[in-house]
Every structure is written in structure tokens, then in C-alpha cells.
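Take a look at the structure below.
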Amino acid sequence: MFEALQQWLSGWMWDWLAILITLLIQAVVVILPIMLAVAYLTYAERKVIAYMQVRMGPNRVGPYGLLQPIADAVKLMFKEIVLPSQSNLYLFLIAPILAIAPAIAVWAVVPFAPGWVVADIDAGVLYVLAIASITVYGVVVSGWASNSKYAFLGGLRSSAQKISYEIAMGFALVTVLMVADTMNLSKIVEGQQGGIWHWYLIPLLPMFVVYFIAG
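Right, dumping it as C-alpha cells:
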């Protein structure tokens with residue numbers, strides 16, 4: 032679909048501008064639903080936890096508190112940026128980007144529907160593993176750039192935990208690659224057509240449990 036859009040735009044403008052506009056549209060189409068999903072999954076989590084603790088949960092903004100995620104986003108944009116006095120300014124500001132950007136970039140190879148994928152590459156699974164591992168650098172850099180030994184030790188602990196879980200996730204993914212015989216995510220999805228009994232979840236249930244816990 033995106034290729035057809037790019038070809039249509041190329042008939043009205045320069046090729047480089049058509050490519051740029053297509054990339055921007057792809058970014059919006061992928062990122063916006065993810066951000067909305069994260070916002071309202073957080074809202075659902077707060078509601079469930081409130082129910083478990085016999086509380087109301089967020090219920091002030093909008094009906095049943097449904098606009099609370101939007102209010103939180105507006106509040107976040109206007110919050111003051113507080114920097115430790117002895118921190119490395121540039122690395123301290125870059126660290127959150129290193130943590131968030133890879134989490135969004137991973138979705139570039141995820142097929143949402145036939146033809147609805149930003150980058151349909153043959154090494155999709157390898158790309159996911161490589162990009163997801165970059166988030167570790169964001170945690171380490173943020174702890175080191177703060178110039179605090181406690182934050183640095185916390186960053187090392189978190190990064191060690193992330194790396195440890197990635198090993199289990201990687202081994203679980205290898206079993207899927209052995210069954211699918213491809214690293215292209217679109218082809219892996221196509222290989223599970225034909226009903227629930229064709230899903231890799233059924234024969235690889237133990238590996239699914241390992242991946243679910245590690246993820």
C-alpha cells in the first residue's frame with residue numbers, strides 16, 4: 032500500500048519529496064496507534080490495580096476517567112526538565128531517546144495485515160533482536176551520565192537483567208525459526224494460516240511460556 036502511495040505522489044512532485052512524505056505517513060500510521068495503545072493499557076492497568084485495592088482509580092478527567100491518559104500526556108509535555116548539577120548534560124538527555132526510539136523502531140518490520148508493513152525484510156527477526164537490545168544502552172548511559180554512583184549501579188543492575196532475559200527470549204525465538212524456516216515476519220505469519228491448529232503456539236507451547244515470562 033505504501034509503495035502505491037509513493038508512486039502516486041511521485042507523479043505530483045519530486046521523487047525525494049514523495050519518499051520523504053511517504054516515510055512520514057508510515058511513521059504516523061505506526062507510531063500513533065502504538066502510543067494510544069500504551070496510554071490506554073496504562074489506564075486499564077491503573078483501573079485493575081485500583082479494583083484489587085478497593086479504590087476508584089482514575090475517574091476525574093472525562094467519563095469514567097477515559098481522558099486521563101491525554102491529561103497525563105499534556106502534563107508530561109509541560110513538566111520541568113530537572114538535571115543533576117554534576118551530570119553529563121548531552122548524554123543525560125540522549126539516554127531516554129536511546130531507550131524509547133528502539134522500542135518504536137521495532138514495529139517497522141511487524142506486519143499488521145497483508146501489505147501493511149513498513150519494511151518487509153528477510154531478516155525481520157534478527158532486526159527485532161538487534162534493535163531491542165539497544166534499549167540496554169539507554170539504561171546504562173542514563174545511570175552513568177547522572178554522575179551518581181547509586182544511579183550508575185542501578186543502571187548496571189537493570190541492564191544485566193535485560194541482557195539475561197534476552198538470552199531466554201533468543202533461544203525461544205530460535206525454535207520458531209526452526210519450524211518456520213524463515214526470518215521474515217510476514218512469511219512466519221503466513222505459515223500459520225489455516226486455523227488455530229496451524230499456529231506455532233500449539234507445538235511450541237513450552238517455548239511460548241518461556242518467551243512470555245522473559246518478555
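Quick note: to get the numbering used here, add 31 to the position in the sequence shown (first position is 1). Quick reminder that beta carbons are idealized off the backbone N, C-alpha and C, glycines included.
Three-state secondary structure assigned by DSSP to residue 147: strand
Cβ neighbour criterion (16 or more within 10 Å) applied to residue 105: exposed
Alpha-carbon spacing of residue 101 relative to residue 186, whole angstroms: 30 Å
Cβ shell of residue 199 (< 7 Å), same chain only, five flanking positions each side left out: 241, 245
Candidates 90, 168, 228, 87: closest to residue 122 by CA position: 168
Cα-Cα separation between residue 233 and residue 76, rounded to whole angstroms: 28 Å
Assigned secondary structure, residue 110 (DSSP; H/G/I helix, E/B strand, else coil): coil
Segments assigned alpha helix (DSSP H), at least 4 residues, entirely inside the region 122 to 176: 155 to 164, 166 to 176
Distance CB(residue 139)-CB(residue 150) smaller than 8 Å: yes
Buried versus exposed call for residue 58 [16 or more other C-beta atoms within 10 Å across all chains shown]: exposed
Span of the alpha helix (DSSP H), counted from its first residue to its last, around residue 186: 180 to 211
Residue 126 and residue 173 closer than 8 Å at C-beta: yes
Nearest to residue 160 (by Cα), restricted to the options 146, 143, 134: 134
Between the CA atoms of residue 99 and residue 93 - distance to the nearest angstrom: 7 Å
Residue 231 - DSSP class collapsed to helix/strand/coil: coil
Three-way DSSP call (helix, strand, coil) for residue 84 in this model: coil
Given residue 144 as reference, the closest of 61, 55, 40 once Cα atoms are compared: 61
Proximity of residue 176 and residue 118 at Cβ, strictly below 8 Å: yes
Rounded Cβ spacing between residue 195 and residue 170 (contact assumed at less than 8 Å): Rounded, the Cβ-Cβ distance is 13 Å, inconsistent with contact.
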